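A short write-up of the structure that comes next.
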Amino acid sequence: MLKWFLTGKQQSKITDPTMVRKMFRSARIQGVTAMILGYGMYYVMRMTLGVVKKPMIEAGFTPTELGQIGAAMLIAIAVGKCLNGFIADRCNIKKIVPIGLLGAAIVNFILGFSSQYWIFLALWFVNGWFQSMGSAPCIVSLAQWYSKSQLATYYGVFSIAHYIGEGATYFGTAMLVVAFGWHAAFFVPGIACIVLAFIMYRYMYDRPEAYGLPSANEFEGEVLQEKKEKEKTTRDAQLEVIKNPYVWLIALSATCLGIARYSMSSWGVIFLQEYKAYSLVTAGSIMALSPLMGGVGSFFSGIISDKIFKANHALTTIVFGCMMLVGIIGFCYTPAGSPWIDMLWISVFGFGLGVILCFVGGMLAVDLCSRKATGAAMGTIGLLSYGGAAAQDLINGLLMDAAKTVVDGQVIYHFENIMLFWIGAVALMTILIVPTLWAKKVKHNESSNNKNLDEKLQKKTQA
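See the structure below:
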């Protein structure tokens, strides 16, 4: 049964260059589009809890219980993303990603008819395991269909999927809750994603070699890069990832990114409701700007880094980490009753996050590793990133419960310590990236030398 997931055997190469170009173009467009839409809906399947916290508390759940439920999913994602990342380097991505979406959709549909804490805890954990089948395999697919020099740009394009899903959740889910109650926020999107999973399977692809096509590096004329890739096995490439100290430093930074990112997505709405007294729809509309601007930031992240920062992804990350820090400080300390100013600060934070997520979330590590170990690099980053995400749910829930007071029978939540926790995570995330400037400098010099040699080889071939 497990062999069904393995990548297809390498087929005899197609010799017609016109056919090769046509097949590459079609597979790239269809594959990336399917992954953007499909992985965007992955986020709808995981973000619902962040929007419905207040009505769930009113239904009898406590903040601590909601923190435990959220952490259960994120722990499953952390472990599953690591394992699925290493597995994805050997598998047919077309079969992994749609199954993950299908499983998550079925879990959400079932939860739409439940109100029990233990059922939510168990099934939200299962949801997390299915969620772990999305990100790392998608990046493996990108690395299979785009050359090393193109990967940063298309990684950024793909990353808008996060924000399509988050934006749809903040706005669409809030409207569903207001119209039909909080249970509808689970089962309605669940039905839609069951259908989408089958559409995703139809339009995704295995690696190019399984269709008789050359590798992406060969197709783009990056001969030396492809030669280096063929010199090592998948196992050796994955071991290099584990032994690389810079990968682990990036992973620690990703832990802080997971804390900051999921603190805002999971607790931002209730923060605006309780601390700044906004309605659910207003709070959801404000928070929807974060993924909207994040999508813009992600889409242009590769272009910004390549054109403005001369492909120095580490420096790009530091600059936009500072932007995130400014945005979250402004968001936390803007006085209540100023929704337009809150929108400004969350937009600044979201744009910075969109750029950062591409690099700290995987591109910095992937850039330092072989294509054959793309999944391993993403899995390692994912393990610590979602470990941080799980920790924040527990910590935020406990901090919120610990800081509550009861005045005239009304429960009031205080967020001062929570805000410091969020800000500190962003600051530490940015600081941890600084040492990778040196690793990137060495890698950049190697890439420049390879590019020059490839150009010389192409000239000789043409001559």
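Straight run, no breaks: the sequence shown in our numbering ends on number 1191.
Cβ atoms here follow ideal geometry from the backbone N, Cα and C, with glycine treated the same way.
Here the structure is a predicted model, which means the values were calculated and not measured.
*With a 10 Å radius around its C-beta and 16 neighbouring C-beta atoms as the bar for buried, classify V1139 as buried or exposed.*
Residue environment analysis places V1139 among the exposed positions, since fewer than 16 neighbouring C-beta atoms fall within 10 angstroms of its C-beta.
*Of the choices C984, A1117, V997, T897, whose alpha-carbon is the least far from that of I797?*
Among C984, A1117, V997, T897, the Cα nearest to that of I797 belongs to A1117.
*Between the Cα of G918 and those of Y770, L1112, S1007, spot the shortest distance and give me the residue it belongs to.*
Ranked by how close their Cα comes to the Cα of G918, the residues Y770, L1112, S1007 have Y770 in first place.
*Where does V1162 sit, in a helix, a strand or coil, going by DSSP?*
The DSSP-derived three-state label of V1162 is coil.
_DSSP three-state assignment for C819, whether helix, strand or coil_ = Secondary structure of C819 (DSSP, three-state): strand.
*Can you tell me where the beta strand (DSSP E) with T1133 in it begins and where it stops?*
Judged by DSSP secondary structure, T1133 falls within the beta strand (DSSP E) whose first and last residues are 1133 to 1135.
*So what does DSSP say about I1140, is it helix, strand or coil?*
It is a strand residue.
*Just how far apart, CA to CA, sit I1146 and L967?*
Straight-line Cα distance between these residues: approximately 38 Å.
*What do you reckon, are the CB atoms on N812 and A864 nearer than 8 Å?*
Cβ distance < 8 Å, so N812 and A864 count as in contact.
*Using the beta-carbon count (16 or more within 10 Å), is V923 buried or exposed?*
By the neighbour-count criterion, in which a residue is buried when 16 or more other Cβ atoms sit within 10 angstroms of its Cβ, V923 is exposed.
_Buried or exposed for A1005, going by 16 or more other Cβ atoms inside 10 Å?_
Exposed.
*Residues in its own chain within less than 6 Å of K731 by CB, not counting five upstream and five downstream?*
None.
*Could you give the residue range of the alpha helix (DSSP H) that holds D1070?*
Taken as a continuous stretch (DSSP letters only), the alpha helix (DSSP H) holding D1070 covers 1067 to 1086.
*Using only alpha-carbon positions, find the residue among M932, Y891, L1008 that is nearest to S1075.*
The residue among M932, Y891, L1008 with its C-alpha nearest the C-alpha of S1075 is Y891.
*Environment of A1130 [buried if 16+ CB atoms lie within 10 Å]*: Exposed, since its Cβ has fewer than 16 Cβ neighbours within 10 Å.
*Just the Cα atoms here: how many angstroms apart are G736 and G940?*
Near 11 Å, if we compare the C-alpha coordinates of G940 and G736.
_Give me, in chain order, the residues of the same chain whose beta-carbon lies closer than 8 Å to that of T1070; leave out the 5 immediate sequence neighbours on both sides._
According to the sequence as given, residue 1070 is Asp; it is not Thr. Closer than 8 Å at Cβ, skipping near neighbours: L1000, K1004, I1014, F1059, T1062.
_Just to confirm my understanding: we take I1079, look at its own chain, exclude 5 residues before and 5 after, and list those with CB closer than 6 Å. What are they?_
The amino acid at residue 1079 is misidentified as Ile; the sequence shows Phe. For F1079, where only same-chain residues beyond five positions count, the Cβ hits under 6 Å are M1021, G1025.
*Following the continuous alpha helix (DSSP H) through G768, name the residue where it begins and the one where it ends.*
Run containing G768: 745 to 779, per the alpha helix (DSSP H) assignment.
*N-terminal and C-terminal residue of the alpha helix (DSSP H) that F899 is part of*: For F899, there is no enclosing alpha helix (DSSP H), as DSSP gives it neither H nor E.
*Out of curiosity, what's the CA-to-CA distance linking E722 and K1038?*
Only positions 729 to 1191 of the chain appear in the structure, and residue 722 is not among them; the question remains open.
_Using 8 Å for Cβ pairs, my map puts G808 next to W852. What's the rounded Cβ distance?_
Taking the Cβ atoms as the reference, G808 lies roughly 13 Å from W852, outside the contact range of under 8 Å.
*Quick one: residues in its chain with C-beta nearer than 7 Å to the C-beta of K782, no 5 flanking neighbours on either side, listed in chain order?*
Exclusion of the five residues before and after K782 leaves I998, Q1001, L1008 as the residues of its chain whose Cβ lies within less than 7 Å of its Cβ.
*Residues near V748 by beta carbon distance below 8 Å, same chain, minus five either side*: Cβ within range, chain order: I742, L941, P942, F947.
*Measure the Cβ-Cβ separation of F789 and Y845 and say whether it is below 8 Å.*
Between F789 and Y845, the CB-CB gap stays under 8 Å.
*Three or more beta-carbon pairs under 8 Å between the region 756 to 774 and the region 889 to 909, yes or no?*
A contact exists between the region 756 to 774 and the region 889 to 909.
_If contacts are defined as beta-carbon pairs under 8 Å, then S981 and I1151 qualify, I think. What distance do you get, rounded to the angstrom?_
Taking a contact as a CB-CB distance under 8 Å, the pair S981 and I1151 does not count as one, their CB atoms being some 16 Å apart.
*If you draw a straight line from the alpha carbon of G1049 to that of V916, how long is it in whole angstroms?*
Linking G1049 to V916 through their CA atoms gives a straight-line distance of about 36 Å.
*C-alpha gap between I1109 and A920, whole angstroms*: Cα to Cα, I1109 sits roughly 30 Å from A920.
*Starting from Y990 and walking both ways along the alpha helix (DSSP H), at which residues does that stretch end?*
Start and end: 973 to 1002.
*Would you please state the rounded distance, in angstroms, between the beta carbons of R818 and T962? I believe it to be under 8 Å.*
Between T962 and R818 the Cβ distance is about 6 Å, and since that is below 8 Å, they are a contact.
*Please name the residue, chosen from I1084, H1041, D1136, that lies closest to A1155 on a Cα-to-Cα basis.*
Measuring from the Cα of A1155, the nearest candidate turns out to be I1084.
_Starting from D1095, trace the alpha helix (DSSP H) in both directions and tell me its first and last residue._
For D1095, the uninterrupted alpha helix (DSSP H) segment begins and ends at 1092 to 1095.
*Counting Cβ pairs closer than 8 Å, one from the region 825 to 839 and one from the region 1119 to 1130, do we hit at least three?*
No: the two stretches stay apart, fewer than three of their Cβ pairs being nearer than 8 Å.
_Given a cut-off of 8 Å on the beta-carbon distance, is the pair G893 and M775 in contact?_
Cβ distance < 8 Å, so G893 and M775 count as in contact.
_Beta-carbon contacts of Q872 that lie in its chain and below 6 Å, excluding the five residues immediately before and after_ = Cβ neighbours of Q872 beyond the five flanking positions: R935.
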